[in-house]
Amino acid sequence: MDRIIMRTFFLSSLFFLCLPTLAHAAELSVAAPYDTVHVGDEFTLTVDLDPQGRSVNALEGTLFIPSNLLVVEARLNGSVVPLWIERPEANTEAVHFSGIIPGGFLGSLSTDWEGYKAGNVFTLLLTATKPGEASFSFSSSTALYANDGAGTKIPLRALGVSFPVAAETSSRSAPPISIDTTPPEPFTPYVVDASNFGGEGKVLIFETEDKQSGVLYYEVAKSDVSVSESNADTLIWKKALSPYALFEDDLHQYLYVRAVDAYGNARFEKLAPQAASLIPHGSSSSMLVLGLFVLFCVLAYVLYKRTFR
Numbered sequence: 056m057d058r059i060i061m062r063t064f065f066l067s068s069l070f071f072l073c074l075p076t077l078a079h080a081a082e083l084s085v086a087a088p089y090d091t092v093h094v095g096d097e098f099t100l101t102v103d104l105d106p107q108g109r110s111v112n113a114l115e116g117t118l119f120i121p122s123n124l125l126v127v128e129a130r131l132n133g134s135v136v137p138l139w140i141e142r143p144e145a146n147t148e149a150v151h152f153s154g155i156i157p158g159g160f161l162g163s164l165s166t167d168w169e170g171y172k173a174g175n176v177f178t179l180l181l182t183a184t185k186p187g188e189a190s191f192s193f194s195s196s197t198a199l200y201a202n203d204g205a206g207t208k209i210p211l212r213a214l215g216v217s218f219p220v221a222a223e224t225s226s227r228s229a230p231p232i233s234i235d236t237t238p239p240e241p242f243t244p245y246v247v248d249a250s251n252f253g254g255e256g257k258v259l260i261f262e263t264e265d266k267q268s269g270v271l272y273y274e275v276a277k278s279d280v281s282v283s284e285s286n287a288d289t290l291i292w293k294k295a296l297s298p299y300a301l302f303e304d305d306l307h308q309y310l311y312v313r314a315v316d317a318y319g320n321a322r323f324e325k326l327a328p329q330a331a332s333l334i335p336h337g338s339s340s341s342m343l344v345l346g347l348f349v350l351f352c353v354l355a356y357v358l359y360k361r362t363f364r
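My numbering puts the first residue of the sequence shown at 56, with every later residue one more than the last.
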């Protein structure tokens, strides 16, 4: 009996010790618009992030989809994640996602409310195909990372949702989505030392955001002569991630970066040849010595000609 009492006391103490951590854990939650849906219904379901006072810099995870629902589309309109590493895609069993929030995310601000509120990560458009219980849950690998320069994992409560799908059919449909016609925000690509990223040589870095449908991917192109945006399709584009490794010859060419959002809108940016930036630290004095040596040789030659003329 005493052993049972001690075990109960220990487990209770452990639970209460964990309460402060759980109380301050960030939340990743799934929200359905209805308590019950019917076979044939088309509806949206949102995945929301509430940092609970922590600045979130990145997130990753998997949302499991019940077998009696069909994912028609994954929408990124209004997402707080501007840069996707793995964009949510329509899938029958699970939706994988991974993204970065430059500068961190503390919550959504508005004049309509006080303080911070949860922000939308992505929205799923679904159709109910069969009756039964529909349960959504996150994988154990789902994680949030702090905006602290070290990518520290943030305590997380991943909250799924369950609701019944009734056998009766209905004509309920999801609200229409506004079409994104705005390209990603302007940005400036930079060429920097790869040593900043643990490599060698030079790399091209770039980053922007799209406030409506999100940046889907980046492309990089090169040319010997300057090409305008109107002729961008004449370039050979290659999908790329930042930082993008450069070869020696690349630094003598024009570099182009194109950011493309989920609706195909593109932002075009150009960078002039970077060969002038190749001079390594400490080489200025070497160039000065070389210049003085050449000047000395020229003067010596002139004096020689005058002396033996």
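Backbone N, C-alpha and C define an ideal beta-carbon position, used for all residues, glycine too.
As the structure is a prediction and not an experimental result, all values here were calculated from the model.
Query: Any idea which residues DSSP pairs Glu274 with across the strands?; Result: Lys294 and Arg313
Query: With a floor of 3 residues, list each beta strand (DSSP E) that falls wholly inside the region 160 to 211, ordered by position along the chain.; Result: 174 to 183, 187 to 193 and 198 to 201
Query: Using the Cα positions of Gly174 and Pro239, report the straight-line distance between them to the nearest angstrom.; Result: 20 Å
Query: What is the DSSP secondary structure of Thr289, reduced to helix, strand or coil?; Result: helix
Query: Under the three-state reduction of DSSP, which class applies to His93: helix, strand or coil?; Result: strand
Query: In this structure, does DSSP put Phe252 in helix, strand or coil?; Result: helix
Query: Figure out for me which residue from Asn112, Ser163, Thr101 and Phe302 has the closest Cα to the Cα of Ile120.; Result: Thr101
Query: Taking the C-alpha atoms as reference points, what is the distance between Val111 and Gly159?; Result: 5 Å
Query: On a Cα-Cα basis, can you pick out the residue from Asp105, Phe323, Asp167 and Ser196 that is closest to Val150?; Result: Ser196
Query: Thinking Thr263 and Asn320 are a contact (beta carbons under 8 Å), I'd like their distance in whole angstroms, please.; Result: The Cβ separation is near 12 Å, so there is no contact.
Query: Who pairs with Val126 in a beta bridge, going by DSSP?; Result: Leu181
Query: Counting Cβ pairs closer than 8 Å, one from the region 298 to 309 and one from the region 242 to 260, do we hit at least three?; Result: yes
Query: Give me the residue from Gly215, Pro210, Gly108 and Leu199 with the minimum Cα distance to Ser84.; Result: Gly215
Query: I'd like to confirm the pairing. Which residues does DSSP put opposite Tyr318 in its beta bridges?; Result: BP columns for Tyr318 are empty, so no partner.
Query: For Lys293, which residues in the same chain have their Cβ closer than 6 Å to its Cβ, ignoring the five residues on either side in sequence?; Result: Val275
Query: Which same chain residues, not among the five before or five after Ile334, have their C-beta less than 7 Å away from its C-beta?; Result: Its pLDDT being 37, under 50, Ile334 is placed unreliably by the model, and the measurement read from it follows with that caveat. For Ile334, where only same-chain residues beyond five positions count, there are no Cβ hits under 7 Å.
Query: Can you give me the start and stop residues for the beta strand (DSSP E) that Asn112 sits inside?; Result: Val111 to Phe119
Query: Give me the Cβ distance between Ala198 and Lys208, rounded to the nearest whole Å; I'm assuming they're in contact under 8 Å.; Result: 6 Å
Query: Identify which residue in Asp167, Glu148, Glu188 and Leu131 has its Cα closest to the Cα of Thr91.; Result: Glu188
Query: Quick one: is Val385 buried, meaning 16 or more other Cβ sit within 10 Å of its Cβ, or exposed?; Result: Residue 385 lies beyond the range of the chain shown here (56 to 364); nothing can be said about it.
Query: At which residues does the beta strand (DSSP E) containing Leu259 begin and terminate?; Result: Lys257 to Ile260
Query: Per DSSP, which one or two residues make a beta bridge with Phe144?; Result: Residue identity differs from the one stated: residue 144 is Glu in this sequence, not Phe. According to DSSP, Glu144 bridges with nothing at all.
Query: Where Lys266 and Asp235 are concerned, what is the direct C-alpha to C-alpha distance, given to the nearest angstrom?; Result: 10 Å
Query: Around the Cβ of Ala327, are there at least 16 other Cβ atoms within 10 angstroms (buried) or fewer (exposed)?; Result: exposed
Query: Taking the Cβ atom as the reference point for each residue, do Glu324 and Tyr311 lie within a distance shorter than 8 Å?; Result: yes
Query: Below 8 Å on the Cβ atoms is my guess for Leu104 versus Ser268; work out the distance and round it to an integer in Å.; Result: Contact flag wrong, Cβ pair sits at about 18 Å.
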